[in-house]
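Heads up, the thing below is written out as structure tokens.
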Amino acid sequence: MPLARLSVPAAVPTRKVRALADAVHDGLVATCDVPPKDRFQLITAFEADRMILDPTFPDLQRSAEASIVEVLFLEGRNVAQKAALFQHIATAAIEAGFRGDDIMIVLSENAPTDWSLGKGLSYGLNHEPGTKPERE
Amino acid sequence: MPLARLSVPAAVPTRKVRALADAVHDGLVATCDVPPKDRFQLITAFEADRMILDPTFPDLQRSAEASIVEVLFLEGRNVAQKAALFQHIATAAIEAGFRGDDIMIVLSENAPTDWSLGKGLSYGLNHEPGTKPERE
Amino acid sequence: MPLARLSVPAAVPTRKVRALADAVHDGLVATCDVPPKDRFQLITAFEADRMILDPTFPDLQRSAEASIVEVLFLEGRNVAQKAALFQHIATAAIEAGFRGDDIMIVLSENAPTDWSLGKGLSYGLNHEPGTKPERE
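Here the protein sequences line up with chains S, X and A, keeping their order.
Using my numbering, read the first sequence as starting at -19 and increasing by one per residue.
Using my numbering, read the second sequence as starting at -19 and increasing by one per residue.
Using my numbering, read the third sequence as starting at -19 and increasing by one per residue.
This is the structure:
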């Protein structure tokens, strides 16, 4: 129910892109209490001239594989969890062959009532732990 | 002025994608007081390996046509309106041939002063009901 | 560290798309205290039937070059800064050959701790002015 959007250069091999996607999801599970099956990811490849990323800001050295990971998830994670998430994703991406400088991550938040996972049901009203499900 | 982003599998036929887009806009008009002409939608088709959606979380059966609808709109809609929006979109999508389990919807919010619909004018300062237009 | 996403019709020439991207970044630098090197932009071209934009809402005349600029940046900019940003982008886009009616801009916000620019480091904990860097 986090929704992750990965924007990667077209030149990055498919296997490596998949490893980054795995890194993102594993990080969410390990640091932010996301259920292992709660995985929703969209991946877009960009030609070089459609992805304008400063090569060094603020104190990094980005390569042609610099990628952007956006995650939209429920509000409530604290600063330590977010920092651990960043670290987890970067570490796993490095293991997959990325350079740490090439992984930019951006988080956005919303509320349980902003999600419907299917059937037109409000997650906040129907699935949220502690709420009484109103459907059978 | 809601901005809707539809992410659909490339395999979904164009006619059906358009019907989903219509469902989203009709839902916004019917449940969230969006003016009928206030329609702004971006549609992206994804190859199967670029759209990683868990097939069953939390208690659903997604097919190869599982799609994601993101809507960014003004803050202020209440929980009941959002729930009605979800239901409206899913119902209309089902009428268009989708399975209800295949329609995931995610909402995000911002403020009137976060929008410029054109000409560099701030919607919040220029168009918002109750504000005095400052241009002729 | 703003992340800008430009959605443009496929028919818009590359040179003009690049000019719009420049306009967006120049506007952020000029009005919102974004460092000149702090540039991160993703550009997506859409076929006409994948970009459904009302041609006149609310009181505009959009052409086949109507484009959408989304910017996700740090919370804290005030209404005047946002209004100046809209004006700056539209003015520069017009100089690049766009019609002012064709430039729609949408802002979203998050917090410094929602960003990692690289190496798995939290921007809010490591780079934010006034914080003590915790890495060497």
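Note that CB positions come from ideal geometry on N, CA and C, so glycine has one too.
Predicted, not measured: the structure shown is a model, and the values here were computed from it.
Under the DSSP definition of a beta bridge, A:Gly98 partners with A:Leu101. S:Thr93 and A:Val86 have their C-alpha atoms some 22 Å from each other. Contact annotation: in the stretch 20 to 35 of chain X, residues whose CB is within less than 8 Å of a CB in chain S are Thr24, Phe26, Asp29, Arg30, Met31, Ile32, Leu33, Asp34.
Less than 8 Å divides the Cβ of S:Val49 from the Cβ of S:Leu(-14). In this structure, DSSP gives S:Asn106 a helical state, which the three-state scheme calls helix. For X:Phe66, the three-state secondary structure derived from DSSP is helix.
Against A:His107, the close residues of chain S are Pro38, in the order they occur along the chain (beta-carbon pairs closer than 7 Å). Taking 8 Å as the CB threshold, S:Ala1 lines the interface with chain X.
Using a CB distance cut-off of 8 Å, A:Met84 counts as an interface residue toward chain X. Inter-segment contact for the stretch 30 to 49 of chain A and the stretch 20 to 29 of chain X is present: three or more beta-carbon pairs are separated by less than 8 Å. Rounded to whole angstroms, X:Gln67 and S:Arg57 show a C-alpha spacing of 28 Å.
Excluding its 5 nearest sequence neighbours in each direction, X:Val4 has C-beta neighbours in its own chain below 6 Å: Ala(-16), Val49, Ile69, listed in chain order. Nearest in C-alpha terms to X:Val59, of all of S:Ala91, S:Met84, S:Pro(-11), S:Pro(-18), is S:Ala91. Excluding sequence positions up to five before and after X:Thr11, its CB lies within less than 6 Å of the CB of Gln61, Ala64, Leu65, His68, all in the same chain and listed in chain order. Under the 8 Å criterion on CB atoms, A:Lys62 is classed as interfacial with respect to chain X. Straight-line spacing of the CA atoms in A:Ile83 and X:Leu97 works out to 7 Å. When C-alpha distances from A:Gly104 are compared across A:Pro(-7), A:Leu54, A:Ser47, the shortest belongs to A:Leu54.
Within a 10 Å sphere around the beta-carbon of S:Glu45 sit 16 or more other beta-carbons, which makes this residue buried. Residues are counted here when their Cβ sits less than 9 Å from a Cβ of chain A; for the stretch 66 to 81 of chain S these are Phe66, Gln67, His68, Ile69, Ala70, Thr71, Ala73, Ile74, Arg79, Gly80, Asp81, given in chain order.
Between S:Ser43 and chain A, the shortest Cβ-Cβ separation is not below 8 Å. With distances taken between CA atoms, A:Asp13 lies nearest to A:Pro(-18) out of A:Pro(-18), A:Lys99, A:Glu75. Collapsing the DSSP output to three states places X:Ala76 in coil. If you look at S:Thr11, you'll find it in the alpha helix (DSSP H) that goes -6 to 12. Counting along the chain, the unbroken beta strand (DSSP E) around X:Glu89 starts and ends at 83 to 90.
DSSP places X:Thr24 inside the beta strand (DSSP E), whose first and last residues are 20 to 26.
The C-beta of A:Ala1 has 16 or more other C-beta atoms within 10 Å across all chains shown, which makes the residue buried. Cβ-Cβ separation between A:Gly80 and A:Lys(-4): approximately 14 Å, too far for a contact (criterion under 8 Å).
Under the Cβ criterion of 8 Å, X:Leu87 is counted among the residues facing chain S. Listed in chain order, the non-local C-beta contacts of S:Ser102 below 7 Å within the same chain comprise Thr93, Ser96, local neighbours out to five positions each way being set aside. In the three-state reduction of the DSSP assignment, A:Arg30 falls in the helix class, which pools H, G and I. Under the three-state reduction of DSSP, X:Ala60 is assigned to helix. Distances from the alpha-carbon of S:Val(-12) to those of S:Glu27, S:Asp6, S:Pro16, S:Pro15 put S:Glu27 closest.
If you check each beta-carbon in the stretch -15 to 0 of chain A against every beta-carbon of chain X, the ones closer than 7 Å belong to Ser(-13). Around the beta carbon of S:Ser43, fewer than 16 other beta carbons sit within 10 angstroms, so the residue counts as exposed. Ranked by how close their Cα comes to the Cα of A:Glu75, the residues A:Pro16, A:Leu52, A:Pro35, A:Ala(-1) have A:Ala(-1) in first place.
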